[in-house]
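Under our numbering, the sequence shown has 105 at position 105, and the numbering climbs by one with no breaks.
Ideal placement from N, C-alpha and C gives every residue a C-beta, glycine not left out.
From a predicted model like this one, the values you see are computed outputs, not experimental measurements.
Comments concern the structure below.
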Amino acid sequence: MRLTNTASRYGLISQFFHWAVVALLLFQYTWAWRIDNAEGFRLRLELVTQHKTIGMVVLGLALARLVWRLFNRPPPMPATMHGWERLAAVSGHWLLYGLIFAVPLTGWLYSSAAGLGDLWWGPVNFPSLVGDSERLEGIFERLHQACAISLGVMTGVHVLAALRHQFWIKDGLMKRMLPSWSKDS
Ligand code: HEM
Ligand code: HEM
1 MRLTNTASRY
11 GLISQFFHWA
21 VVALLLFQYT
31 WAWRIDNAEG
41 FRLRLELVTQ
51 HKTIGMVVLG
61 LALARLVWRL
71 FNRPPPMPAT
81 MHGWERLAAV
91 SGHWLLYGLI
101 FAVPLTGWLY
111 SSAAGLGDLW
121 WGPVNFPSLV
131 GDSERLEGIF
141 ERLHQACAIS
151 LGVMTGVHVL
161 AALRHQFWIK
171 DGLMKRMLPS
181 WSKDS
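Dropping the structure here:
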């Protein structure tokens, strides 16, 4: 199994970025739900802090992943894919890339405008991006929510497309994003 992408599959590093973001997003949506249902100010504050911390990890991973993507081209799509399928896959993937930046960035803006203060992540400090403002807080709250919903919907479409390849077209596309222990791949 190679670290870098080959002509037939994604390498371990791309796979790590892909599945780590999937796992953290699952955590994020679960936490958003828990925040909504939390009773008591202390528990809510604790959950929101964890949500923000993990969200900043997603932002960091998105940045590292994008840089890696620019230097390490993805494997070409299977030759059997039609023009419209290629266009749908490429635009869908770039939309997903855009949203994994937009969701944490709007969250960061929302939390800044709400006056929740600087975000400390161990010794690392993420400063407030804008000053306290009720008007901006309302705008960024709705934007954060809209981006998070769009990411959820796009992920649903993406997973359906992956399942279509796996069970209908049966072109082995799924394997490209999963580790393989054979020497030559
Ligand atoms: C990266 C992935 C992230 C996802 C998928 C995500 C998703 C969500 C969702 C679905 C909600 C509930 C929206 C609603 O019903 O109004 C929410 C709320 C929130 N998010 Fe995020 N978020 C992410 C990152 C962040 C980041 C990085 C921050 C701040 C630094 C942040 C700050 C907040 C805040 C303050 C709330 C409101 C919590 C409350 O109700 O008090 N989020 N997020
Ligand atoms: C269980 C959920 C998921 C499954 C089964 C899945 C499956 C896959 C597969 C099989 C590929 C490779 C496609 C190819 O060979 O060309 C892929 C690529 C990709 N996936 Fe997912 N995925 C999932 C969730 C997500 C999520 C949540 C995101 C959002 C951030 C995402 C973003 C991407 C992107 C951007 C690519 C293209 C990678 C590149 O070319 O750099 N996936 N996914």
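- With contacts defined as CB atoms closer than 8 Å, leucine 95 and alanine 113 fail to qualify as a contacting pair.
- By a beta-carbon distance limit of 8 Å, leucine 109 contacts valine 130. Their separation comes to about 6 Å.
- Between the C-alpha atoms of valine 124 and methionine 56 there is a straight-line separation of about 11 Å.
- Between leucine 47 and alanine 38, the C-beta gap is smaller than 8 Å, which places the two residues in contact.
- Residue Gly107 holds the alpha-carbon nearest to the alpha-carbon of threonine 49 among Ser8, Ala23 and Gly107.
- DSSP, reduced to helix, strand and coil, places valine 124 within a strand of the structure shown.
- Note that the segment 4-21 does not touch the segment 80-92; fewer than 3 beta-carbon pairs, one per stretch, sit closer than 8 Å.
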